[in-house]
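Trainee: In my numbering, the protein residues as written are -1 to 463.
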């Protein structure tokens, strides 16, 4: 006997079956785990292994993760309420990832298992603002190195007292670069001058140039700038806050030039190698546009040779050699910078002869450029060289230990350019003209002085410090 089901009842059964199927599917979908990546934050850069922290919203106990498409071991979620399971670990990247460049992108994907009987399978993170996790993991500091020009200098050009700097910056995550300026001898207080990145490349070990103009009159230097030696250090910082500095620094000499006054300073071989020289027209064009008159003392004949910008063809070939002392008249107050070249041991630039008596002149005053910071008192007691051991004698005797018989400087006169007054001190006398103690007067590197010895002597300028 065939049981006939009424059409209305059959339709009802069919409707109930379809409805239950749809409900089961919808219920299963609703139970698919939503995986939220709590940390790291997508788009950020990290210089140390970040905490990997996820949470799910349904009953799931097991997950697995992929790093840049590679599947690693499964992980067990921490016990908790049935609708909130979490997991956190800070060693995943340390154990499973190597930074192949100066900062690499990391793409992490998480799959968690749904243990519902109706839908037991793996589900991955939702790719939205909470589930998308693409970040940079940077374990390597940038590489910074100065470029050099044909003259061996670390800056590319010098024009009217402003230096154009360029150095190499290697990293995948460029952020900032520039120069740190230290006033010697401090190595803790500095001013930062921001540079600009040019010609960047992409890929592993990508490179860029960091360029900037170093102007000694920049207001950024106001709190640290002073006369004497300064240090420039290249600096680079990436997006993971990893930083690096140049392995070798550049040193220069800073001098305050006073406008409408004479300034007595030392030529330090600006924009030339240490063995080269420069004529006064090159000097003005390349280094200090505000100079209007330069006058150089002739030690042998005891007279001045003067160049004036108003008569540019007269004495335009006066040579300024490393260590030359000279007068400069400027039409404006400006800071003046030169490289910190040091003469080779035993050369004429280092060992200077000072005359008490010379057949070609009738006075005993000599001009002398300075290579180091020193007090007036130390300079007054500088040792004259022992003729039998002249080259290295200065390394044995300095002011504190110099035999009395070799203390041959009688007077030193220094031009205080700010006041326009000469300050003269005598060896063995505790008061100088103007009332200062010679121990309190600091003659800065870059200054020049007048010296009167009690006989013709040769001294090593490197020993004065």
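Cβ atoms here follow ideal geometry from the backbone N, Cα and C, with glycine treated the same way.
Which value, in whole angstroms, describes the spacing of the CA atoms of residue 22 and residue 64?
Mentor: Residue confidence is low: residue 22 scores 46 on pLDDT, short of 50, so the model does not pin down where it sits. No coordinate-derived value is stated.
Trainee: Below 7 Å CB to CB, which residues in the same chain sit around residue 405 once its five sequence neighbours on both sides are set aside?
Mentor: Excluding sequence neighbours, residue 405 sits near 379, 425.
Trainee: May I ask you to verify whether the stretch 347 to 355 touches the stretch 284 to 293, counting CB pairs closer than 8 Å and requiring at least 3?
Mentor: Too few Cβ pairs lie closer than 8 Å, so no.
Trainee: To test your reading of the DSSP string, which unbroken alpha helix (DSSP H) runs of 4 or more residues are found completely within the stretch 309 to 379?
Mentor: Segments of the alpha helix (DSSP H) lying fully in the stretch 309 to 379: 374 to 378.
Trainee: To the nearest whole angstrom, what separates the beta carbons of residue 441 and residue 374, a pair I think is in contact under 8 Å?
Mentor: Right, the Cβ-Cβ distance comes to about 6 Å (below 8 Å), so this counts as a contact.
Trainee: Please name the residue in 236, 149, 219 whose C-alpha comes closest to that of residue 45.
Mentor: Closest by alpha carbon: 236.
Trainee: Helix, strand or coil: how does DSSP classify residue 95 here?
Mentor: Here residue 95 sits in coil by DSSP.
Trainee: Would you report the Cα separation of residue 287 and residue 156, rounded to the nearest angstrom?
Mentor: So the two alpha carbons sit approximately 12 Å from each other.
Trainee: Check for me: the beta strand (DSSP E) holding residue 190 runs from which residue to which?
Mentor: Unbroken beta strand (DSSP E) run through residue 190: 188 to 192.
Trainee: Among 332, 402, 417, whose alpha-carbon lies nearest the alpha-carbon of residue 382?
Mentor: Closest option to residue 382, Cα to Cα, is 402.
Trainee: Just grab the DSSP bridge partners of residue 420 for me.
Mentor: According to DSSP, which records beta bridges pairwise, residue 420 is partnered with 413.
Trainee: Note down, in chain order, each residue of its chain lying with its Cβ closer than 7 Å to the Cβ of residue 36, except the 5 sequence neighbours on either side.
Mentor: Once the five neighbours on either side are set aside, the close Cβ partners of residue 36 are 51, 52, 53.
Trainee: Quick check: what's the CA-CA separation for residue 459 versus residue 267?
Mentor: Approximately 16 Å, taken between the alpha carbons.
Trainee: Near residue 192, what residues of its chain come up, given a Cβ to Cβ distance below 6 Å and the 5 sequence neighbours on each side ignored?
Mentor: Around residue 192: 176.
Trainee: How many Å lie between residue 359 and residue 445 at the Cα?
Mentor: So the alpha carbons of these two residues sit roughly 25 Å apart.
Trainee: Kindly identify the DSSP beta-bridge partner or partners of residue 231.
Mentor: Paired residues: 178.
Trainee: Mapping the DSSP letters down to three states, classify residue 282 as helix, strand or coil.
Mentor: Looking at residue 282 - three-state DSSP - the assignment turns out to be helix.
Trainee: DSSP three-state label for residue 158, please.
Mentor: Coil at residue 158, not helix or strand.
Trainee: What first and last residue would you give for the beta strand (DSSP E) that runs through residue 148?
Mentor: Here residue 148 belongs to no beta strand (DSSP E), and DSSP marks it neither H nor E.
Trainee: If you drop the 5 nearest sequence neighbours on each side, which residues of the same chain put their C-beta closer than 6 Å to that of residue 413?
Mentor: Excluding residues within five positions, the ones whose Cβ falls inside 6 Å are 262, 420.
Trainee: Please report the straight-line C-alpha distance between residue 231 and residue 243, rounded to a whole angstrom.
Mentor: Cα to Cα, residue 231 sits roughly 7 Å from residue 243.
Trainee: Under three-state DSSP, which class holds residue 402?
Mentor: Three-state DSSP puts residue 402 in a helix.
Trainee: Could you give the DSSP three-state label for residue 136: helix, strand or coil?
Mentor: If DSSP states are grouped into helix, strand and coil, residue 136 belongs with coil.
Trainee: Put residue 437 into one of helix, strand or coil per three-state DSSP.
Mentor: Residue 437: helix per DSSP, three-state reduction.
Trainee: One question on the structure: do residue 256 and residue 431 come within less than 8 Å of each other, judged by their Cβ atoms?
Mentor: Not closer than 8 Å, so no.
Trainee: Is residue 447 near residue 407, with beta carbons less than 8 Å apart?
Mentor: No, Cβ-Cβ distance for residue 447 and residue 407 is not below 8 Å.
Trainee: Which same chain residues, not among the five before or five after residue 213, have their C-beta less than 6 Å away from its C-beta?
Mentor: Cβ within range, chain order: 160.
Trainee: Determine which residues share a DSSP beta bridge with residue 250 and list them.
Mentor: Per DSSP, 228, 337.
Trainee: What are the residues that DSSP puts in a beta bridge with residue 465?
Mentor: Any answer about residue 465 is impossible in this case: the structure gives the chain only from -1 up to 463.
Trainee: Can you tell me the Cβ-Cβ gap for residue 171 and residue 40, rounded? I've got them flagged as a contact below 8 Å.
Mentor: Going by Cβ atoms, the distance from residue 171 to residue 40 rounds to 16 Å, so no, they are not a contact pair.
Trainee: Residue 88: buried (16+ other C-beta within 10 angstroms of its C-beta) or exposed?
Mentor: Counting Cβ neighbours within 10 Å, residue 88 comes out exposed, since fewer than 16 surround it.
Trainee: Are the CB atoms of residue 245 and residue 329 within a distance shorter than 8 Å?
Mentor: No, they are not a contact pair.
Trainee: Please identify the residue among 254, 149, 355 whose C-alpha is closest to the C-alpha of residue 333.
Mentor: Nearest C-alpha to residue 333: 254.
Trainee: Measuring straight from C-alpha to C-alpha, what distance separates residue 144 and residue 316?
Mentor: Distance between the alpha carbons of residue 144 and residue 316 is about 33 Å.
Trainee: Per the DSSP calculation, residue 173 is bridged to which residue(s)?
Mentor: DSSP, once it has assigned bridges, lists no residue as partnering residue 173.
Trainee: Hey, how far is the Cα of residue 166 from the Cα of residue 206?
Mentor: Approximately 6 Å between the Cα atoms of the pair.
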